[in-house]
Each structure stands twice: as C-alpha cells, then as structure tokens.
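Written below as structure tokens is the structure these notes are about.
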Amino acid sequence: MAAVIGEKDEALARKFEAAWSVFAQTCGQYLAPEPTYQAWFAHYLISQFGIDRVAREPIIKKEHFGDSPWKARVLGNHVRLDAVVTREPGVRLPHYANRLLRAKDGTGLQILKDLAVISELKVAATQGAGMDHTEVARDIYKMSMLLDEFERQHPGAPMPLAYVCILDNHPRRAYDWAHLQRRLTDVPPDPRVRILGEQYAPVTARPVLPATP
Numbered sequence: 001m002a003a004v005i006g007e008k009d010e011a012l013a014r015k016f017e018a019a020w021s022v023f024a025q026t027c028g029q030y031l032a033p034e035p036t037y038q039a040w041f042a043h044y045l046i047s048q049f050g051i052d053r054v055a056r057e058p059i060i061k062k063e064h065f066g067d068s069p070w071k072a073r074v075l076g077n078h079v080r081l082d083a084v085v086t087r088e089p090g091v092r093l094p095h096y097a098n099r100l101l102r103a104k105d106g107t108g109l110q111i112l113k114d115l116a117v118i119s120e121l122k123v124a125a126t127q128g129a130g131m132d133h134t135e136v137a138r139d140i141y142k143m144s145m146l147l148d149e150f151e152r153q154h155p156g157a158p159m160p161l162a163y164v165c166i167l168d169n170h171p172r173r174a175y176d177w178a179h180l181q182r183r184l185t186d187v188p189p190d191p192r193v194r195i196l197g198e199q200y201a202p203v204t205a206r207p208v209l210p211a212t213p
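Going by full-length UniProt numbering, the letters in the sequence shown line up with residues 1 to 213, in that order.
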C-alpha cells in the first residue's frame, strides 16, 4: 500500500524530487568519485531549500533499537544519512557522542523530529562492476528501520519523508531494477520509503568512456 502524505509533505516532495531530477539529468553523464556526486546532489538540494536547511551525514546509534527484520539487515551499531533537509532554517544536529551538542536520547534518533527529509544516494558509476543489490537493499532497509523506530519512540510526531535515490549511470551496464524488486519481496520495505531512479527522473545520458588505443 502506498503511503499517504499531507499537503505540506507534497510540497516538500516536489522540491526534493525537482532537485533530484536536475541532478540526475545534469550529473549522471559524468564520471567522478562518490563524494563528488554527494557534493553535487547537496548543491541541488541547497538550490531548492537553502543552505541553512541542508546537511550531510548525521549519525544515529541503532544498537539498542527494537528488533525488526529491517534492523537485522543493517550492519554496524550506528548509521549515517547521506543528505537531510531540516524543517526550519538553521542546522543543529546533535550527535550521541558529541560533547558540544550531545543527543539527549543517547542515540541521535531524536533529530528526525527536526528533519523534513532524510535520504540516501547510490551511484552506479562509482562501482566498477555495477551497483551491488545487497548494498542498495540495505539502504532501503536502513530507512525503513529509522522510520519504524522513530514512530515507536515518538508516536504522533511528524515523520520525515524518506528517499533512496539511485543514479543508474554505469557506463557499461544498466541497473537491474527487476532484480532489486525480487530482493525486496522477501522482506518488504516500509511503504513510506520512496525509491527514485527507475520511473522518476532516470538518467538519460550515461558517461562515455575514452576509447582504448
């Protein structure tokens, strides 16, 4: 079942997806290290939301989250989010271990109260053999886990929109979306997690490799 969102969320979604669309069409044709794509994507998010609402890599400790099929598929004791958009201007992202701005809940999950959008970015052209389906599914499950745990700990609080953005721009092979869907059949993700890249704003121009002598 598709997630139902309110009018304000629809406006947020339009702005985020507009940033994704321009990023995918503009930068999908280039070959660069993964951090460069992250910087480009942040640039287009800033163009939509403003520099005082966009941040990268807040850290959330998941060690003591409730058990779930999603948590079981996310490695490590903490997770990072590639890019986030705050609800209000002014970025203040507490960290569970930061002495200057320590998260009161001990995990950092509380920051989702202040976030309008959380997102992950996967870029095919940064993987020589193409994107790993396990890594993509893991990011989708990570988002599902965070939404589920946040709803459990903060019932009634506004939920951030959650996106996994897949830039299908490998120069030699297209991403196998059907295989990903099969991977997600056994453990379906939270329906509120939106996956961008196949049906919405796919890449139209892939990187061109130089001719070998």
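Beta carbons are placed, not taken as given, at the ideal position from N, Cα and C, and that holds for glycine. Note that the structure is a prediction, hence the values are computed from the model and not measured.
- Taken through DSSP and simplified to helix, strand or coil, His-64 comes out as coil.
- For Val-136, the enclosing alpha helix (DSSP H) stretches over residues 133-153.
- Among the bridge pairs identified by DSSP, Ala-162 is matched with Ile-118 and Val-193.
- Of the other Cβ atoms in all chains shown, 16 or more fall within 10 Å of the Cβ of Ile-195; this residue is therefore buried.
- Excluding sequence positions up to five before and after Tyr-37, its CB lies within less than 6 angstroms of the CB of Val-123, all in the same chain and listed in chain order.
- Annotation: the continuous beta strand (DSSP E) that includes Arg-80 extends over 78-80.
- Counting C-beta atoms within 10 angstroms of its own C-beta, Gly-50 has fewer than 16 neighbours from the protein chains shown and is therefore classed as exposed.
- The C-beta distance from Leu-146 to Ile-111 rounds to 10 angstroms, too long to meet the 8 angstroms contact threshold.
- If you look at Ala-42, you'll find it in the alpha helix (DSSP H) that goes 34-49.
- Between the alpha carbons of Asp-52 and Gln-181 lies a distance of about 36 angstroms.
- Spatial neighbours of Glu-63 in its own chain (CB-CB distance under 7 angstroms, excluding positions within 5 residues in sequence) are listed in chain order as Asn-77.
- If you check the CB distance, Leu-75 and Pro-58 do not come in under 8 angstroms.
- Following the DSSP letters along the chain, one finds Arg-56 inside the beta strand (DSSP E) bounded by residues 54-56.
- A residue is called buried once 16 or more other Cβ atoms fall within 10 Å of its Cβ, and Leu-115 is buried on that count.
- Of the residues assessed, Pro-210 falls on the exposed side of the cut-off, its CB having fewer than 16 other CB atoms within 10 angstroms.
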